Amino acid sequence: MTLPLLFLLAIVPDVRVLLNKGDLPGAVKLVEEHRKQNPAPTPETIEAVSWLARGHLNAKKYKEAEEYAAETYKLALGELAKRPLDAERRLPIALGAAIEVQGQVMAANGERDAAVRYLEQQLATYRETSMRARIQKNINLISLTGKRAPKLEGFAIPPGRAALLFFWAHWCGDCKSMIPVLQQIKKEYPRLLIAGPTQRYGYVARGEEAPPEAEAKYIEEIRQESYAGLFDGAAPISEENFRVYGASTTPTIAVVNTGGVITLYHPGRMPYQDLAKAVTAALSAPAGARRPASPKPRPRAKASPPSR
């Protein structure tokens, strides 16, 4: 194996290590050196550029984040001229990140309505791909709070009841790390319903491929083993629930108040204090709570959004 190939294979994890350390300049330099040695764009290269977009977004450097998102989008479209999006996993990760960053930059600059329109356009384009849930997640992050909760397949929230929706996966360590928090919530808030929507992934323990019936049985075993007594009712298994709620990250947590309105939408883990605060508000909220007004846009340097 040649050194350039080794460098090619290592680029994404190395960039992520630098970003996790807060070394944004180092990550930029690494990607620049990588692209000099490997000038032809590959899915790995494009994903590395997408991580720079995410890194600048996290650092609130919105102009640079938008520029790297636009570059990622353009490079990804070049690859899509030669192959399907989901032919391998890196290109949809990169393109999804570009769309995500662009939408979040627009929202951060006070352009929430424009961000939702942009994301909805991208959702229409990529609805039949693996990116659907990720794009929907970003629409939800910007716009779902304050709206009526979308209906779930396999679980209905009774009128007048508040609920916590915990989207989980049988393989998800972060989901299991939330069990003590959920147990405490259940103990402290007995009037709260807790639902545990999940979906199939095509495999069971140790990544062994499994047909739907076998995986459903395995999911129930994990529920009984790790989540016993936690959820109200069986865990509804539905890919559509994950798409509608944009649960591309597990866990994803949504809190629904007594009026049937989403008051919290959060991809990822949450500390008890933050979740308890949201649950307290949901249990005491009047029916038909209104959506908070969007912040007024503030001036920003113009940058062209990624174009199709």
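Just so we're aligned: 203 in the working numbering is position 197 of the sequence shown, and the numbers increase by one with no gaps anywhere.
A virtual CB, placed ideally from N, CA and C, is assigned to each residue, including glycine.
Here the structure is a predicted model, which is why all the values come from computation and not from measurement.
Would you report the Cα separation of D20 and S56, rounded to the nearest angstrom? Here the question's residue 20 lines up with position 14 in the sequence shown. Here the question's residue 56 lines up with position 50 in the sequence shown. Rounded to the nearest angstrom, the two C-alpha atoms are 14 Å apart.
With H, G and I counted as helix, E and B as strand and the rest as coil, what does DSSP make of L150? Your numbering for residue 150 matches position 144 in the sequence shown. Here L150 sits in coil by DSSP.
Assuming L170 contacts L150 under a Cβ cut-off of 8 Å, what Cβ separation, rounded to an integer in Å, is found between them? The residue given as residue 170 occupies position 164 in the sequence shown. The residue given as residue 150 occupies position 144 in the sequence shown. Between L170 and L150, the beta carbon gap of about 15 Å keeps them out of contact (Cβ cut-off 8 Å).
Short of 6 Å in beta carbon distance, which residues of its chain neighbour V111, apart from the five on each side in sequence? Order them along the chain. Numbered from 1 along the sequence shown, position 105 holds the residue referred to as residue 111. Within the same chain, V111 has close Cβ partners Y68, A71, E72.
Looking at R206: is its Cβ nearer than 7 Å to the Cβ of P218? The residue labelled residue 206 in the question sits at position 200 within the sequence shown. The residue labelled residue 218 in the question sits at position 212 within the sequence shown. By the CB criterion at 7 Å, R206 and P218 fall inside the cutoff.
Endpoints, the alpha helix (DSSP H) within which A222 is located: Stepping through the sequence shown from its first residue, residue 222 is reached at position 216. For A222, the uninterrupted alpha helix (DSSP H) run begins and ends at 218-232, by DSSP.
Cutoff 7 Å; reference L63; Cβ partners in own chain excluding five residues on either side: The sequence position of residue 63 within the sequence shown is 57, counting from 1. Setting aside the 5 residues that flank it on each side, L63 is surrounded in the same chain by A71, V107, Q110, V111, each with a C-beta closer than 7 Å to its C-beta; the list follows chain order.
Which residues mark the beginning and the end of the alpha helix (DSSP H) in which I268 is found? On the sequence shown, residue 268 is found 262 positions in, with the first residue counted as 1. Segment 268-273 is the beta strand (DSSP E) holding I268; no alpha helix (DSSP H) there.
Would a C-beta distance cut-off of 7 Å place M184 and R275 closer than the cut-off? For the purposes of this step, residue 184 is taken as residue 178 along the sequence shown, with counting starting at 1. For the purposes of this step, residue 275 is taken as residue 269 along the sequence shown, with counting starting at 1. Cβ atoms of M184 and R275: closer than 7 Å.
Chain-order list of residues whose beta-carbon lies under 8 Å from that of A82 (same chain, five-residue window excluded): Taking the sequence shown and counting its residues from 1, one reaches residue 82 at position 76. Cβ neighbours of A82 within its own chain (closer than 8 Å, five residues either side excluded): I52, L97, A100, L101, A104.
Spell out the partners DSSP gives L199 in its beta bridges. On the sequence shown, residue 199 is found 193 positions in, with the first residue counted as 1. Paired residues: A169.
Spatial neighbours of Q190 in its chain, beta-carbon cut-off 6 Å, leaving aside the 5 residues before and after: In the sequence shown, residue 190 corresponds to position 184, counting from 1. Within the same chain, Y278 come within 6 Å of Q190 by CB-CB distance, once the 5 residues on both sides are set aside.
Which partner residues of T48 appear in the DSSP bridge assignment? By 1-based counting over the sequence shown, the position of residue 48 is 42. Its beta-bridge partners do not exist; DSSP assigns none.
Taking the beta strand (DSSP E) that V210 belongs to, which residues open and close that run? Locating residue 210 in the sequence shown gives position 204, where the first residue counts as 1. No beta strand (DSSP E) holds V210; DSSP gives it neither H nor E.
Out of L129, L289, F161, point me to the one whose CA is closest to F237's CA. Residue mapping note: residue 237 aligns to position 231 of the sequence shown, counting from 1. Selected option, being the one with the closest Cα: F161.
Going by other Cβ atoms of all chains shown within 10 Å of its Cβ, with 16 needed for buried, is I86 buried or exposed? Against the sequence shown, residue 86 aligns to sequence position 80. Residue 86 is actually Leu in this sequence, not Ile. Counting of Cβ neighbours within 10 angstroms places L86 among the exposed residues, the total staying below 16.
Cα-Cα separation between I268 and V285, rounded to whole angstroms: The residue you call residue 268 lines up with position 262 of the sequence shown. The residue you call residue 285 lines up with position 279 of the sequence shown. Looking at the two C-alpha atoms, the distance is approximately 11 Å.
Quick one: Cα of H176 to Cα of F248, how far? As a first step, residue 176 is located in the sequence shown; it is residue number 170 there, counting from the start. As a first step, residue 248 is located in the sequence shown; it is residue number 242 there, counting from the start. If you take the alpha carbons of H176 and F248, they lie about 14 Å apart.
At which residues does the beta strand (DSSP E) containing I163 begin and terminate? Along the sequence shown, one-based indexing puts residue 163 at 157. Looking at the DSSP string, I163 is not in any beta strand (DSSP E), and its letter there is neither H nor E.
Can A4 and V18 be called in contact, C-beta distance under 7 Å? Any answer about residue 4 is impossible in this case: the structure gives the chain only from 7 up to 314.
Tell me whether L236 sits in a helix, a strand or coil according to DSSP, three-state version. Taking the sequence shown and counting its residues from 1, the one referred to as residue 236 is at position 230. DSSP places L236 outside both helix and strand once states are collapsed to three, so it counts as coil.
Please state the DSSP three-state secondary structure of A100. Taking the first residue of the sequence shown as 1, we reach residue 100 at position 94. In this structure, A100 counts as helix in the three-state DSSP scheme.
Beta-carbon within less than 8 Å of T255's beta-carbon, same chain only, minus the 5 sequence neighbours each way: which residues are those? The residue labelled residue 255 in the question sits at position 249 within the sequence shown. Same-chain partners within the cutoff: K143, P273, G274.
Rounded to a whole number of angstroms, what is the C-alpha to C-alpha distance between N115 and Y271? What you label residue 115 is simply residue 109 of the sequence shown in a count that begins at 1. What you label residue 271 is simply residue 265 of the sequence shown in a count that begins at 1. Roughly 20 Å separates the two Cα atoms.
Nearest-angstrom Cα separation, counted from G252 out to A139: One-based indexing of the sequence shown puts residue 139 at position 133. One-based indexing of the sequence shown puts residue 252 at position 246. One C-alpha to the other measures close to 4 Å.
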